[in-house]
Amino acid sequence: MKKIITVAVLFSAFLAVTASAQNKSGYHVLKTFHIKSGGGYDYTTVDSASNRLYVSHGTQVNVLDKTTGDSIGVIATDKDVHGIALVHELGKGYITNGSANSVVVFDLKTFKILAHVPAGTFADGIMYDDYSKKVISCNGRSKNMTVIDPATDQAIATIQLSGWPETATSDGKGKIYVNNAEKSEIDVIDANTFKVVNTWPIAPGVRASGLSMDRNTMRLFAGCDNKVLIVMDATNGKVVTSIPIGDECDAVGFDKKLKTVYSSNGDGTLTIIKEWSADKFTVVENLQTKKGARTNAVDQITHLVYLPTGDFAPKKAGAFRPSIIPGTFQVLVVGK
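FYI, in mature numbering (1 follows the signal peptide of the UniProt record, and there is no 0) the residues of the sequence shown are -21 to -1, 1 to 315.
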């Protein structure tokens, strides 16, 4: 009897290991790009057309070959950098310069700085809306958004919100959506008038940071502070479902072809979610990455995901985040 029980236990363990292996998605960290410059970090942006990866780090944006990680150039500013938006038809890029309360304009070929555009207080997230052909920055402390005409590099409008904005996206048909983190809602903006036309609560989500969208199914994906990702119908503001994710999500990416949502979480996980239909989603895996890997950028051609992080010193009392140890900054490359 003892021998039979032992065999049964071993067989059960084998089945458990086999099932676990079969459940693995195949995603893993393929390689790591090391960047030796100092300072904090925020967003990255993939430029698939030119094989480049733009990485915000300290007071500069590092431009890397997205395949090898080799340095192509550096765009140096005088203050902290955060988001990067690209306007290919004009050959320009735009960087939010947080504590300078401005947006830096640079040449996509030479990386030369062309202009500084005044924005709201603490310019953070930034996007290019392909419908209105405007660049829009999210200004956290002034609780507004600055609309920039890239043809003239002039600010043409300010969109006042009721709380601080994190990130924004658009449907390409005249609507812009922004995470109003302070109010735990998504604000809808008319891209013709640049006025807020709707405010939609994200409950059960709280204080969303990351935001992306599937324009085909008209679904918004918002990563929230209370460890859930909410899926919202962008036509009416209805929350379709909420999905458990890791802690400290600061960005949500979406692969259009693979129909896959990526929530990058500062706790050292990447929650990978499959979109089967407009209302059906399943978690594929909570992939172990590295603590601090809270933002991500998705390459729509290679389907790789880029996550910046580093090694950290103990968090000081009163600090918002722990400081990165000099010389440890890196970008993880995740794929299959």
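Think of the CB as a built atom: it goes at the ideal place given N, C-alpha and C, for glycine as much as any other residue.
Minimum C-alpha distance to residue i - residue among the options
{"i": "serine 50", "options": "Asp59, Phe90, Val83", "result": "Phe90"}
{"i": "asparagine 158", "options": "Gln139, Ala201, Val231", "result": "Ala201"}
{"i": "aspartate 109", "options": "Asn215, Val66, Ala134, Lys10", "result": "Val66"}
{"i": "lysine 112", "options": "Lys122, Asp128, Gly99", "result": "Asp128"}
{"i": "arginine 273", "options": "Leu286, Thr146, Met192, Gln39", "result": "Leu286"}
{"i": "lysine 235", "options": "Leu9, Gly225, Glu254, Asp169", "result": "Glu254"}
{"i": "aspartate 150", "options": "Leu140, Gly142, Ile168, Lys162", "result": "Ile168"}
{"i": "glycine 306", "options": "Gly17, Gly5, Lys3", "result": "Gly17"}
Extent of the continuous beta strand (DSSP E) run through residue i
{"i": "tryptophan 255", "result": "248 to 256"}
{"i": "alanine 136", "result": "133 to 139"}
{"i": "arginine 31", "result": "31 to 36"}
{"i": "lysine 259", "result": "259 to 267"}
{"i": "glycine 104", "result": "102 to 108"}
{"i": "alanine 147", "result": "144 to 149"}
{"i": "asparagine 205", "result": "From DSSP, asparagine 205 is part of no beta strand (DSSP E); its letter is neither H nor E."}
{"i": "aspartate 234", "result": "228 to 234"}
{"i": "aspartate 128", "result": "123 to 128"}
7 angstroms CB neighbourhood of residue i in its chain, flanking five on each side removed
{"i": "alanine 292", "result": "Pro301, Ser302, Ile304"}
{"i": "serine 27", "result": "Asp278, Gln279, Ile280"}
{"i": "glutamine 267", "result": "Gly247, Thr248"}
{"i": "isoleucine 13", "result": "A quick correction: the sequence has histidine, not isoleucine, at residue 13. So the qualifying residues of the chain are Gln309."}
{"i": "glycine 142", "result": "Lys122, Asn159, Ala160, Glu161, Lys162"}
{"i": "glutamine 39", "result": "Ser16, Val53, Ile54, Ala55, Thr56, Val60"}
Bridge partner(s) assigned by DSSP for residue i
{"i": "lysine 154", "result": "Asp169"}
{"i": "arginine 198", "result": "Asp193, Asp212"}
{"i": "lysine 174", "result": "Asp169"}
{"i": "tyrosine 73", "result": "Ala64, Val84"}
Cβ separation of residue i and residue j, assumed to be a contact under 8 angstroms, to the nearest whole Å
{"i": "alanine 134", "j": "alanine 98", "result": "7 angstroms"}
{"i": "valine 240", "j": "proline 223", "result": "That pair is no contact at about 13 angstroms."}
{"i": "valine 219", "j": "arginine 198", "result": "7 angstroms"}
{"i": "valine 262", "j": "valine 284", "result": "Actually they do not touch by this definition, with Cβ atoms about 16 angstroms apart."}
{"i": "tyrosine 20", "j": "histidine 36", "result": "5 angstroms"}
{"i": "tyrosine 73", "j": "alanine 230", "result": "In fact, because the Cβ distance is near 18 angstroms, the residues do not count as touching under 8 angstroms."}
{"i": "aspartate 132", "j": "valine 96", "result": "6 angstroms"}
{"i": "glutamate 227", "j": "asparagine 244", "result": "6 angstroms"}
Same chain, Cβ closer than 6 angstroms to residue i, neighbours up to 5 away in sequence not counted
{"i": "glycine 48", "result": "Phe12"}
{"i": "methionine 211", "result": "Leu199, Val218"}
{"i": "methionine 106", "result": "Ala64, Ile115, Ala147"}
{"i": "proline 180", "result": "Glu164"}
{"i": "serine 121", "result": "Gly99, Thr100"}
{"i": "aspartate 9", "result": "A small correction: the amino acid at residue 9 is leucine; aspartate does not occupy that position in the sequence shown. Only Val312, Gly314 meet the Cβ criterion."}
Close-in-space but distant-in-sequence residues of the same chain around residue i (CB under 8 angstroms, 5 per side omitted)
{"i": "glycine 77", "result": "Lys58, Asp59, Val60, His61, Phe101, Ala102, Asp103"}
{"i": "threonine 214", "result": "Met197"}
{"i": "leucine 190", "result": "Glu145, Thr146, Ala147, Thr148, Tyr156, Val157, Asn158, Ile165, Leu199, Phe200, Ala201, Gly202, Val231"}
Neighbour flag for residue i against chain E, beta carbons, 7 angstroms
{"i": "alanine 257", "result": "No chain E appears in this structure, which consists of one protein chain only."}
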